[in-house]
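A short write-up of the structure that comes next.
Residue numbers (the working numbering): 2 to 304.
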């Protein structure tokens, strides 16, 4: 049976031969919760007439692939773990909660929970103690340029997002692309770059297509709709804000559906069944920029 694109991506990241130290961290409760938090901001539950994802991808998948990319580029344990745990503060529905918080541009309103979540995971801290790594070394993942870097630079989080989104949503990443991109990675002055201009251009083209999807009326409408549903659920105490960080998406959706609140049920029905033709054209907020200017053989190119 042919591998899925995600499976093939993991194979190219040498998942089967991943470093031994990483295995125990994959069982950390704060990380395993993300197995039921989708990568695409709750849109796995949305109308298939609007979203038709090719493969199901979770925030756990993203955390793992960012960690493997980081290890490939650094062979640094602390940086790799910072990559693995960089999304532990991702709530159910991910950036929909940033929309709910009116944080359209940076989409970082939920990251403040990272320190608390990591420090409160007893299993994780036991593992860190065994490896003589301080939890503080993985809390601020932004201090590792390979994991996270200022735009328009390429980093593991950003490149992984392009690949995963290209696999499932924009559908313009195939098996050859995955292999070629991973093989073409080169590090210049602690920044991810590429050996070939053709590969860099492919990454840029996929990133541009993602940007168009994220700035579409359809995506904005659906993100705002789920944000509104979630906000009403919290206001009417069917769910709590804290539960967005403790429960998984199946559990939150179930609570909302069992709310017996006519307005919430009506909006959920629309969210699950609306067609593209029914979505009104609306003003789109200043959504996060996805500009990339990658390095090719150490020289920065523009998209």
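Ideal Cβ placement from N, Cα and C applies to all residues, glycine included.
N-terminal and C-terminal residue of the beta strand (DSSP E) that residue 194 is part of:
For residue 194, the enclosing beta strand (DSSP E) has its first and last residue at 193-195.
Residues that DSSP places opposite residue 59 in a beta bridge
Residue 59 is bridged to 39.
What distance in whole Å lies between the Cβ atoms of residue 87 and residue 64, which are believed to be in contact at a cut-off of 8 Å?
7 Å
For the structure I just gave you, are there three or more beta carbon pairs, one from the stretch 243-253 and one from the stretch 267-284, closer than 8 Å?
no
Counting Cβ pairs, one atom from each stretch, are 3 or more of them under 8 Å apart for the stretch 145-153 and the stretch 121-135?
no
Using three-state DSSP, classify residue 225 as helix, strand or coil.
helix
Inter-residue spacing [alpha-carbon to alpha-carbon] between residue 106 and residue 215:
Summary for residue 106: the model assigns pLDDT 49, below 50, so the residue's position carries little reliability; its value from the coordinates is reported in the next sentence. Near 12 Å, if we compare the C-alpha coordinates of residue 215 and residue 106.
In chain order, what residues of the same chain lie with their CB nearer than 6 Å to the CB of residue 45, ignoring the 5 residues before and after it?
39
Could you spell out the range, first to last residue, of the alpha helix (DSSP H) harbouring residue 261?
Where residue 261 is concerned, there is no enclosing alpha helix (DSSP H), given that its DSSP letter is neither H nor E.
Comparing C-alpha positions only, which one of 298, 78 and 193 sits nearest to residue 152?
193
Using a Cβ-Cβ cutoff of less than 7 Å, which residues in the same chain neighbour residue 254 once the five nearest sequence positions on both sides are dropped?
46
Would you mind sorting residue 259 into buried or exposed? The rule is 16 or more other CB atoms within 10 Å of its CB.
exposed
Residue 299 classed as buried or exposed, judged by whether at least 16 other C-beta atoms fall within 10 angstroms:
exposed
Quick one: what's got a C-beta closer than 7 Å to residue 7's C-beta in the same chain, skipping five residues either side?
56, 58, 62 and 168
How about residue 50 and residue 275: do their beta carbons lie closer than 8 Å?
yes
Expressed to the nearest angstrom, what Euclidean distance is found between the alpha-carbon atoms of residue 242 and residue 262?
18 Å
Quick one: is residue 190 buried, meaning 16 or more other Cβ sit within 10 Å of its Cβ, or exposed?
exposed
Grouping DSSP H, G and I as helix and E and B as strand, with all else coil, what is residue 182?
helix
Going by the beta-carbon positions, is the gap between residue 89 and residue 71 smaller than 8 Å?
no
Counting pairs of Cβ atoms below 8 Å between the stretch 198-205 and the stretch 167-186, do you hit three or more?
yes
Can you tell me whether DSSP reads residue 27 as helix, strand or coil?
coil
As assigned by DSSP and simplified to three states, the class of residue 187:
strand
Residue 21 lies in the alpha helix (DSSP H); which residues open and close that run?
Looking at the DSSP string, residue 21 is not in any alpha helix (DSSP H), and its letter there is neither H nor E.
Out of 15, 11, 117 and 22, point me to the one whose CA is closest to residue 31's CA.
117
Using the beta-carbon count (16 or more within 10 Å), is residue 92 buried or exposed?
Residue 92 is buried by the Cβ-count criterion.
Between residue 84 and residue 22, how many whole angstroms is the CB-CB distance? I'm expecting something under 8 Å.
Between residue 22 and residue 84 the Cβ distance is about 14 Å, and since that is not below 8 Å, they are no contact.
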